[in-house]
Amino acid sequence: MYVLGPPLWNESVGEGTTLLVRGRTMTRKTDMTTQLLAGDDDGDTGTVLVTTDERPASLWERYRGLAPNADPSRVGIVDATGEAGGGDRPVTDATEGTTFSADGVGTPAVGSVNSPADLTGIGMMVSRFFDELLTERGVGRIRVGIATLNTMAMYADTERITRFVHVLSGRIRSVEGLGLVVVHTDGLEGDIGNSLPALVDGLVDIREADDGFEARTRRFGTDGDWRPIDLTEPVGAAESSDTRGTTTPTSARPPESLGAAVRAVEAERPTLTLCNYEEDDAAREGEADALRSYFESRDVTVRTARLDAETPRGVALLHREEALLAATPTADLADAIALDESSLFADGRRPAVIEALSGDARAAGGVDRAFLVEASRVVETRAARTSGGRLDAGFQSLSRLWAVPRTRRIYEALAEAGVDVHAYGVADAATPPDTAITVHASDDPEIRDTWFVVHDGAGAGERAAALVAEERDPGVYHGFWTRTPERVAALSTYVVETHCH
Numbered sequence: 147m148y149v150l151g152p153p154l155w156n157e158s159v160g161e162g163t164t165l166l167v168r169g170r171t172m173t174r175k176t177d178m179t180t181q182l183l184a185g186d187d188d189g190d191t192g193t194v195l196v197t198t199d200e201r202p203a204s205l206w207e208r209y210r211g212l213a214p215n216a217d218p219s220r221v222g223i224v225d226a227t228g229e230a231g232g233g234d235r236p237v238t239d240a241t242e243g244t245t246f247s248a249d250g251v252g253t254p255a256v257g258s259v260n261s262p263a264d265l266t267g268i269g270m271m272v273s274r275f276f277d278e279l280l281t282e283r284g285v286g287r288i289r290v291g292i293a294t295l296n297t298m299a300m301y302a303d304t305e306r307i308t309r310f311v312h313v314l315s316g317r318i319r320s321v322e323g324l325g326l327v328v329v330h331t332d333g334l335e336g337d338i339g340n341s342l343p344a345l346v347d348g349l350v351d352i353r354e355a356d357d358g359f360e361a362r363t364r365r366f367g368t369d370g371d372w373r374p375i376d377l378t379e380p381v382g383a384a385e386s387s388d389t390r391g392t393t394t395p396t397s398a399r400p401p402e403s404l405g406a407a408v409r410a411v412e413a414e415r416p417t418l419t420l421c422n423y424e425e426d427d428a429a430r431e432g433e434a435d436a437l438r439s440y441f442e443s444r445d446v447t448v449r450t451a452r453l454d455a456e457t458p459r460g461v462a463l464l465h466r467e468e469a470l471l472a473a474t475p476t477a478d479l480a481d482a483i484a485l486d487e488s489s490l491f492a493d494g495r496r497p498a499v500i501e502a503l504s505g506d507a508r509a510a511g512g513v514d515r516a517f518l519v520e521a522s523r524v525v526e527t528r529a530a531r532t533s534g535g536r537l538d539a540g541f542q543s544l545s546r547l548w549a550v551p552r553t554r555r556i557y558e559a560l561a562e563a564g565v566d567v568h569a570y571g572v573a574d575a576a577t578p579p580d581t582a583i584t585v586h587a588s589d590d591p592e593i594r595d596t597w598f599v600v601h602d603g604a605g606a607g608e609r610a611a612a613l614v615a616e617e618r619d620p621g622v623y624h625g626f627w628t629r630t631p632e633r634v635a636a637l638s639t640y641v642v643e644t645h646c647h
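In my numbering, each residue's number is its place in the sequence shown (first place is 1) plus 146.
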């Protein structure tokens, strides 16, 4: 049995259980998940933490703050932020090739994949840590926490996300473990949000209350009642005041405009060319369609080409204009992106094309407002963790801030927490006189046509993030989001110098 700890009233669940921890943005779901795992940490337990938007050092510090006696030799962190590329490294980034701590001191092992979109790579890293903890470390119990599924969903379609959760829960069941998967409900709506509860064993819902937060457990035979929860703050300095292991963004030349910044990222978009490729094998039927679906969802153009030369044949070339980035046999690439029991948790090396896809900005072409809301929540959540720094948000129209209760609560909460929040938009709604948000009403065409959220990281480059998208057709946006400190700093400088007056 696994005990869910004081946040959930020490309720127990059976071995092999996967729970979906869900609620709206900034309801401290990740904090509660970390506390649930830390509260049940003992000498017979191994823990795997998967992070898509928090640096491993920060996550480990929070976990250790809640479980001071946690043994780093029994903890593995999968870094799926995309900031470090693929491979193994210690949590401090001090040297390469370090795996688990040998003596229970120091830091846990970190296995990284090059993007939150690489669901197969994430699964492989989780499986590697499972095997190491169960066979080499001899733990009797294993837990895994994933925060958050939303970032993965920004790059992958509904089918891949649901299959990932289904296979992951099956893997947790096979090792008699416990899985906690964090989801922001205001970022995963529609097909994904509706299908996820059926793929897990139970739900933990969390919501805001008048004086804190409430939670309930569901599908443990009966639905639980909403009850207050007590979330413990980690022992140690708050993240906003801790700059160990961080870098200050270097000065960067601001773009000529926000639209120019978008076009610059679009120009960096790579192309995948399938050379001399024929689906003449019935076993490989539909392979090209699968590759196209996978890579175009990551904003990679896919095309086929027949060359006069007989070679290369059946090879996928990833290139940016004439510059070759990587090459992989098409069959190997198709096998690597297949999400099934044999591939998702099979340990092995990722194909060169997938390894080469890590980049400092992710383009998003032809997306709608729902996608932008989801991407904005990622930036807003990172800002909330710092409780500081400057956040510039362009709403196009200020009514999108003041007339949408959930959005208004998020930004007012950020301002109350210590973030210097600046909002921009056409003045189509009155600004409340008592708000802590600095408002810049503007009829500038760029403000009217551009959606942006830029947070400077509160002086730490690793925490910076930005989203920029221009509305080229009604309701259709083209843009990018990035966590590269230099690019974020350049965007922040441009917004402040151009529109903050």
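Idealized CB from N, CA, C, for every residue including glycine.
Can you list, in chain order, the residues of its chain with a C-beta nearer than 8 Å to that of residue i? Leave out the 5 residues immediately preceding and following it.
i: residue 370; result: 362, 363 and 364
i: residue 444; result: 261, 263, 301, 503 and 508
i: residue 174; result: 352, 359 and 377
i: residue 584; result: 566, 567, 568 and 569
For residue i versus residue j, is the C-beta spacing smaller than 8 Å?
i: residue 332; j: residue 552; result: yes
i: residue 419; j: residue 449; result: yes
i: residue 540; j: residue 622; result: no
i: residue 647; j: residue 590; result: no
i: residue 199; j: residue 164; result: no
i: residue 374; j: residue 636; result: no
i: residue 325; j: residue 290; result: yes
i: residue 614; j: residue 588; result: no
i: residue 464; j: residue 502; result: yes
i: residue 610; j: residue 634; result: yes
i: residue 483; j: residue 434; result: no
i: residue 564; j: residue 533; result: yes
i: residue 153; j: residue 181; result: yes
i: residue 577; j: residue 597; result: no
i: residue 616; j: residue 595; result: yes
Please check the pair residue i and residue j, which I expect to be a contact at CB under 8 Å, by giving their CB distance rounded to whole angstroms.
i: residue 599; j: residue 612; result: 7 Å
i: residue 321; j: residue 275; result: With 8 Å as the limit, residue 321 and residue 275 do not qualify as a contact, their Cβ atoms being about 11 Å apart.
i: residue 184; j: residue 213; result: 4 Å
i: residue 272; j: residue 194; result: 6 Å
i: residue 560; j: residue 529; result: 6 Å
i: residue 476; j: residue 446; result: With 8 Å as the limit, residue 476 and residue 446 do not qualify as a contact, their Cβ atoms being about 15 Å apart.
i: residue 162; j: residue 323; result: 7 Å
i: residue 569; j: residue 586; result: 7 Å
i: residue 192; j: residue 317; result: Not quite, the Cβ-Cβ distance comes to about 14 Å (not below 8 Å), so this is no contact.
i: residue 196; j: residue 292; result: 4 Å
i: residue 304; j: residue 345; result: Contact doesn't hold; Cβ gap of about 12 Å is too wide.
Give me, in chain order, the residues of the same chain whose beta-carbon lies closer than 6 Å to that of residue i; leave out the 5 immediate sequence neighbours on both sides.
i: residue 536; result: 566 and 602
i: residue 147; result: 158
i: residue 160; result: none
i: residue 383; result: Confidence is the limiting factor: at residue 383 the pLDDT is only 40, short of 50, which leaves the residue's position unreliable, though a coordinate-based value still follows. Contacts found: none.
i: residue 216; result: 187 and 210
i: residue 221; result: 193 and 254
i: residue 545; result: 574 and 575
i: residue 638; result: 600 and 602
i: residue 314; result: none
Leaving out five residues on either side along the sequence, give the residues of the same chain with a beta carbon under 7 Å from the beta carbon of residue i.
i: residue 343; result: 166 and 349
i: residue 330; result: 170, 171, 294, 296 and 523
i: residue 626; result: 408, 411, 507, 508, 509, 510 and 614
i: residue 471; result: 416, 464, 465 and 502
i: residue 179; result: 167, 291, 293, 326 and 328
i: residue 497; result: 474, 478, 479 and 482
i: residue 618; result: 624
Which residues does DSSP pair with residue i in a beta bridge?
i: residue 543; result: 572
i: residue 614; result: 598 and 626
i: residue 354; result: 359
i: residue 586; result: 570
i: residue 510; result: 625
i: residue 438; result: None; residue 438 has no bridge partner.
i: residue 447; result: 417
i: residue 465; result: 417 and 470
i: residue 209; result: Answer by DSSP bridge pairing: none, since residue 209 is not bridged.
i: residue 348; result: 165
i: residue 330; result: 169
i: residue 153; result: Answer by DSSP bridge pairing: none, since residue 153 is not bridged.
i: residue 290; result: 194 and 325
i: residue 557; result: Looking at the DSSP assignment, residue 557 forms no beta bridge with any residue, so it has no partner.
i: residue 524; result: Answer is none; residue 524 lacks a bridge partner.
i: residue 158; result: 149
Touching or not, the segment 203-217 and the segment 294-305, by the rule of three or more beta carbon pairs under 8 Å?
-> no
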